[in-house]
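Undergrad: Quick one: structure below, then a few questions.
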Amino acid sequence: MPKHAHPSQSAKDRIVDAIDIETFFYCKDETEAKHLANALMAEMNLPQGDIVFLEHNGLGARVRLRSYIHLPGDHYRWLEGSQRGQR
Amino acid sequence: MKKVLLSPLDPVHDNAVKLIQRKLRDRDYATILMPPGTTVEEIVDTAIHEKPDAILISRTLGYQVAETLGRLVDLAEAAGIRETTRIGVGGMAITREVGAELGFDATFVGELKMTELLSFLENRKIEFLDGDDAAAENQGKPDITAGYTYQFKDSEIASLLDTIAEQALHWASTRTSDGIKRAQVRQQMLETDTEAEIAQLRNDYTKLSGTDIHSFYTQGTLPSGVRWLETKEVQNLPSLLETKPEKHKLRHTQAKPLFFVQYGTGCPVMDIVHIKASEAWGADGVLHFDPSWNAQQEGLMEGLLSHEHDGTILTYENLKLIREYIGENTLWDVRGHRGLNTAETQILGHAAGAGLFKINIPYGSTGGGTDPARLAVDGIYSLHLAAQYGIPFDIPGNDELSGVPPQKTFAGILIMMAIGLKLGARPIPKPLMCYSPYMAMHGDMDDNMIDMNTAKLAVWQTIVDTPVWPGEPIGFMTHSPERVQSATTTAAHAALATSLGMDAATIASTDEAYSKGPISLQARVDTLRSVRDLLRFTGSTHFQATPQAQVLMQELREGIVNTLKKIAQRGDFVQSIYHGDLGSPEDGIYPGRVGQGTVQNL
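Structure follows, in structure tokens:
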């Protein structure tokens with residue numbers, strides 16, 4: 001563990017800025033794919049979720065989802081080694 | 088002659104040991120190569136009979152790594168081999184921790200670095216973080232303009248530029264602005280030690296500033312979304328960055344281009360982390376981007392400031408903090424080509440240690456939104472500063488993105504070059520590699536994107552002996568939010584630029600076309616990796632300019648001449664921008680309005 005890291009930090013705390021999730025949903029159309037994308041973000045408890053890319057074709061959709069764990073200007077937990085400061 | 092036993096401890100993967108064998112033979116080592124599937128017992132048995140000075144083991148498969156390698160070490164120990172033979176291990180499945188834990192004499196991770204291996208074989212101290220890449224780094228910071236004479240090869244263009252540049256310089260010589268006056272005050276502030284004098288100068292500066300900046304200095308108010316960086320945030324940075332990365336090289340056999348990435352997350356601390364990661368993954372240079380509002384108000388703030396939105400605020404303290412962490416050999420460019428603080432940006436950039444400035448009057452006073460007369464006065468003053476500091480300036484041609492045809496954009500870049508050269512500065516043209524609205528409308532890229540881009544890059548060497556730096560970023564408007572697509576198109580443009588002998592290139596992240604959030608760090612790595620792999624693929628091969636590219640190049644040259652003739656005939660560079668000679672409303676751009684009516688006669 002790097003010197004600056006606090007033992008109580010979670011893996012999520014160590015994400016510099018964003019987490020991307022890439023997957024392929026089995027779904028009937030783009031609308032359903034969007035619904036599933038948003039549902040997945042909620043299920044995974046990821047804040048500020050967004051669909052970066054979504055392309056439906058045939059049986060499903062390729063998607064890339066993003067959640068910003070730390071935005072520029074936040075207090076970064078990977079820098080502080082503490083749980084404080086999340087926006 | 089030293090003897091080395093090489094063996095994959097792997098059922099199939101033996102490329103690494105074969106490559107090492109070839110490189111060691113070139114250096115007069117005696118080598119024994121064992122085939123894939125060799126067992127631990129066979130390696131030890133061979134070592135007992137051959138008595139090598141060293142054994143190098145490679146392991147790619149991750150399955151039962153610790154067990155297999157541990158057994159090798161134990162058996163070698165039991166056979167007494169280790170008294171005379173040192174054992175090193177490397178490969179995809181190996182980490183430094185695993186190697187050290189199992190008791191190997193050396194562990195090699197990542198790509199093959201012969202300097203590390205040779206140090207081990209010659210029993211020298213191994214500088215694991217100082218291999219081939221660091222050796223290249225030690226050659227010093229590169230100078231993009233080195234070796235170029237700036238001699239014009241096209242006499243007709245040279246003559247037109249001479250007329251236009253003379254007129255522009257004469258026009259600017261009798262004018263000034265509050266932006267220039269603030270730059271002069273800031274220069275004095277940087278050179279003064281006494282607090283009382285600085286306070287007086289700050290007072291003078293405040294009087295020359297717009298409302299928001301005036302409030303900042305008089306009432307301490309910060310714009311929305313801006314906060315002071317806390318001491319602990321800055322203090323924690325050194326420990327965060329103490330691990331020196333193993334720097335990747337983007338180029339394979341190619342000597343150039345140098346690759347630049349743009350940063351400006353809003354927060355200097357986040358910028359530093361992005362810069363350090365970009366350097367580790369191979370970036371040769373970085374460009375500082377400030378918020379657009381920073382350019383649209385008179386005056387700049389002071390102090391360590393973080394900003395929630397795109398663009399990192401230009402202050403001396405922010406720049407100095409960022410510079411402190413930029414690698415010794417990484418080139419650093421500060422954007423100042425547009426806006427009301429162009430002159431002061433050069434002062435701050437120079438004081439903080441910038442190695443390049445970015446200045447383009449025609450682009451900044453159309454696409455950048457600043458009044459042409461104001462930016463001409465401030466921009467020409469900035470070129471004086473670039474010459475005085477000996478800092479090259481690059482000239483982005485991004486007005487093409489608004490629909491301006493390349494011949495007009497290039498004419499504007501050439502005028503900037505001519506003005507700069509007359510002042511003794513060193514310009515670097517930055518033609519845009521893009522799928523611009525003009526190309527889409529005129530169908531010049533309907534079949535492929537190589538011919539037109541080749542023409543746009545190759546035409547420069549027919550006009551003037553100059554470095555060329557395609558920007559900014561390359562592949563503009565070919566990117567989508569899909570990361571694989573985005574990385575691929577950047578890499579394709581990088582390969583073309585490399586093949587055409589370009590001196591530098593600015594590359595985007597795979598978030599280039601994603602507009603709903605800041606650029607993520609993984610998106611930066613995406614593109615750097617893709618460029619690296621495509622340059623490995625192309626090596627020293629070259630694209631040939633097709634007959635169609637030659638035709639397009641000739642058309643470009645004619646278009647440049649016609650544009651310059653029009654400006655020379657008008658006899659007024661600034662009025663030419665107002666009248667659309669370098670890009671008109673029909674093309675898609677308008678003269679900027681920020682700072683209108685603020686030019687003062689001397």
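Top to bottom, those sequences are chains Y and V.
FYI, the numbering for the first sequence is 1 to 87, going by our numbering.
FYI, the numbering for the second sequence is 88 to 689, going by our numbering.
Glycine is no exception: its CB is placed at the ideal position from the N, C-alpha and C atoms.
#1: Which residues, taken in chain order from the region 584-609 of chain V, show a beta carbon closer than 7 Å to some beta carbon of chain Y?
#2: On the three-state DSSP scale, how would you describe D620(V)?
#3: Quick one: Cα of G266(V) to Cα of R289(V), how far?
#4: Just checking: is the beta-carbon of T352(V) within a distance shorter than 8 Å of some beta-carbon in chain Y?
#5: Output the boundary residues of the beta strand (DSSP E) element that contains M520(V).
#6: Apart from the five residues on each side of it in sequence, which residues of its chain come closer than 8 Å, Cβ to Cβ, to N381(V)?
#7: Going along the chain, which residues of the region 390-424 of chain V sit with their C-beta nearer than 9 Å to a C-beta in chain Y?
#8: Beta-carbon separation of R64(Y) and G604(V) under 8 Å?
#9: For E188(V), would you say it is in contact with chain Y, using Cβ-to-Cβ distances shorter than 8 Å as the test?
#10: If contact means a Cβ-Cβ distance below 7 Å, which residues of the region 556-588 of chain V contact chain Y?
#11: Leaving out five residues on either side along the sequence, give the residues of the same chain with a beta carbon under 7 Å from the beta carbon of G186(V).
#12: Relative to the C-alpha of Q475(V), which candidate in G178(V), L669(V) and H437(V) has its C-alpha closest?
#13: Pull up the CB-CB distance for L79(Y) and V356(V), whole angstroms please, since I reckon it's below 8 Å.
#14: Check whether chain Y comes within 8 Å of R314(V), counting only Cβ atoms and requiring the distance to be less than that.
#15: Are the region 500-507 of chain V and the region 527-544 of chain V touching by the rule of at least three beta carbon pairs closer than 8 Å?
#16: How is the beta strand (DSSP E) around A61(Y) delimited, first residue to last?
#17: Comparing the C-beta of E137(V) with each C-beta of chain Y, is any distance below 8 Å?
#18: Quick one: which chain A residues come within Cβ less than 9 Å of G73(Y)?
#19: Hey, does E203(V) have any beta-carbon neighbour from chain Y nearer than 8 Å?
#20: I'd like to know whether the C-beta atoms of G466(V) and F444(V) end up nearer to each other than 8 Å.
#21: From H136(V) to K331(V), what distance separates their C-alpha atoms?
#22: As a quick exercise: from R183(V), I231(V) and R173(V), pick the residue whose alpha carbon is nearest that of F207(V).
#23: Considering just the uninterrupted stretch of the beta strand (DSSP E) at L510(V), what are its terminal residues?
#24: Mapping DSSP to helix, strand and coil, what is D132(V)?
#25: Would you say P378(V) lies against chain Y (beta-carbon separation less than 8 Å)?
#26: Any chance the region 54-63 of chain Y sits against the region 23-35 of chain Y, with 3 or more Cβ pairs inside 8 Å?
#27: If you follow the beta strand (DSSP E) that H56(Y) is part of, which residue opens it and which one closes it?
#28: What is the residue span of the beta strand (DSSP E) that G558(V) lies within?
#29: If we count the other Cβ atoms within 10 Å of its Cβ and call it buried at 16 or more, is T628(V) buried or exposed?
#30: For the region 284-360 of chain V, which segments carrying the alpha helix (DSSP H) assignment without a break, of at least 4 residues, lie completely within its bounds, in sequence order?
#31: In angstroms, rounded to a whole number, what distance separates the CA positions of F49(V) and G390(V)?
#32: Scan the region 422-497 of chain V and note each continuous alpha helix (DSSP H) run of 4 residues or more that stays entirely inside, going in chain order.
#33: To the nearest angstrom, how far is it from the Cα of I413(V) to the Cα of I130(V)?
#34: DSSP on W380(V), reduced to helix/strand/coil?
#35: If you count every other CB in all the chains shown that lies within 10 Å of the CB of D358(V), and 16 or more means buried, which is it?
#36: Below 7 Å CB to CB, which residues in the same chain sit around A582(V) once its five sequence neighbours on both sides are set aside?
TA: In short:
#1: Those residues of the region 584-609 of chain V that come within reach of chain Y (Cβ to Cβ, closer than 7 Å) are Y601, K603, G604, P605, S607, L608 and Q609.
#2: In the structure shown, D620(V) sits in a helix (DSSP, three-state: H, G or I).
#3: Take the alpha-carbon of G266(V) and the one of R289(V): they are about 14 Å apart.
#4: For T352(V), the nearest CB of chain Y lies under 8 Å from its own CB, placing it at the interface with that chain.
#5: Start and end: L519 to C521.
#6: Only L387, G398, I400, L401, G426 and N428 meet the Cβ criterion.
#7: Closer than 9 Å at the C-beta level to chain Y, one finds these residues of the region 390-424 of chain V: S393, H394, E395, H396, D397 and T399.
#8: No, Cβ-Cβ distance for R64(Y) and G604(V) is not below 8 Å.
#9: At a cut-off of 8 Å, the C-beta of E188(V) has no neighbouring C-beta in chain Y.
#10: Of all residues in the region 556-588 of chain V, P568, E569 and R570 have a Cβ within less than 7 Å of some Cβ in chain Y.
#11: So the qualifying residues of the chain are V176 and T194.
#12: Per the Cα distances, H437(V).
#13: In this structure, L79(Y) and V356(V) form a Cβ contact; the two beta carbons are roughly 7 Å apart against a cut-off of 8 Å.
#14: With 8 Å as the cut-off, R314(V) counts as an interface residue toward chain Y.
#15: Short answer: they don't touch.
#16: Per DSSP, A61(Y) belongs to the beta strand (DSSP E) from G60 to Y68.
#17: With 8 Å as the cut-off, E137(V) does not count as an interface residue toward chain Y.
#18: Annotation note: the requested chain A is absent from the structure, which comprises protein chains Y and V.
#19: No, E203(V) lies away from the interface with chain Y (no Cβ there is under 8 Å from its Cβ).
#20: Not a contact, by the Cβ cut-off of 8 Å.
#21: Spanning the two alpha carbons is a distance of roughly 41 Å.
#22: Nearest C-alpha to F207(V): R173(V).
#23: Note, L510(V): premise wrong, no beta strand (DSSP E); not H, not E.
#24: Looking at D132(V) - three-state DSSP - the assignment turns out to be helix.
#25: P378(V) does not count as touching chain Y.
#26: Below 8 Å, enough C-beta pairs join the region 54-63 of chain Y and the region 23-35 of chain Y to call them touching: three or more.
#27: From DSSP, the beta strand (DSSP E) with H56(Y) extends over G49 to N57.
#28: That run of the beta strand (DSSP E) goes G558 to F563.
#29: T628(V) should be labelled exposed.
#30: Those alpha helix (DSSP H) runs which fall completely within the region 284-360 of chain V and span 4+ residues are 298-306, 318-322 and 324-327.
#31: No answer is possible for residue 49(V): it lies beyond the span of chain V, which begins at 88 and ends at 689.
#32: List check, alpha helix (DSSP H) in window: 429-439, 448-451 and 459-476.
#33: Cα to Cα, I413(V) sits roughly 46 Å from I130(V).
#34: Three-state DSSP puts W380(V) in a helix.
#35: It counts as buried.
#36: Hits under 7 Å: L621, L622 and T625.
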